Ligand code: GAR
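Residue numbers (my numbering): 227 to 413.
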């Protein structure tokens, strides 16, 4: 099996990046984490790239052409799939056009519920019984592309934002690698 070269986009802690790097050490995992892109120079997740000797790029999103710099790098590294692992910047239509059906995002809710930001806060306010995470393809509309998989759990009385985040991310670390396997199962 020839592994696909994947690029992971991050903005923060990088726990999902860590889990993908970890799983990619397995023989039959379909991707190799070949490049990491961060839009935040102080993102903790960059440490996972450094520790694992994975090339990384920190982009200055104040520059108008920053996405072109990303595209250039991605082409140079022959990247064939992009995973958004807590990347908090909206991706332009032009960028999506260049990577149609090759950008995958993880979101901390059961989509189509609770698209966008402040997810945990809104979930609690709505008194939801269940929540979880969703892995989906990225299209031009926010958190709306085709769903690859979801994982859910029941919210317990007393669960606050911090607890929901912890439980959701625990599921995410299983869901993202599982989605990667699902994507390439028949390819
Ligand atoms: C994850 O929980 C992911 O679902 C969320 O950011 C977190 C990043 O955590 N993404 C979004 O909210 C995107 N709308 P990590 O940096 O520890 O992987």
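Glycine included, each C-beta is placed from N, C-alpha and C at the ideal position.
Quick caveat, the model's predicted, so the values are computed rather than measured.
Under the 8 Å Cβ criterion, the stretch 389 to 397 counts as touching the stretch 347 to 367, having at least three qualifying pairs. As DSSP reads the structure, residue 232 sits in a beta bridge with 259, 307. DSSP, read as helix, strand or coil, puts residue 329 in strand. Of 370, 359, 371, the smallest CA-CA separation from residue 395 is found for 359. Remark: the C-beta of residue 350 is outside contact range of the ligand GAR, defined as less than 7 Å to any heavy atom. When secondary structure is reduced to three states using DSSP, residue 396 falls in the helix class. Cβ neighbours of residue 334 within its own chain (closer than 6 Å, five residues either side excluded): 345, 359, 394.
Relative to the non-hydrogen atoms of the ligand GAR, the Cβ of residue 363 never comes closer than 7 Å to any of them. Taking 8 Å as the cut-off, the beta carbon of residue 364 is found closer than this to the beta carbon of residue 329.
Per DSSP, the beta-bridge partners of residue 358 are 378. In the structure shown, the three-state DSSP call for residue 346 is helix.
With a contact defined as Cβ atoms closer than 8 Å, residue 305 and residue 261 qualify at about 6 Å. Inclusion of residue 308 and residue 235 in the CB contact set at 8 Å is warranted, their separation being smaller than that value. Taking residue 313 as reference, the option from 281, 296, 265, 290 with the minimal CA-CA separation is 265.
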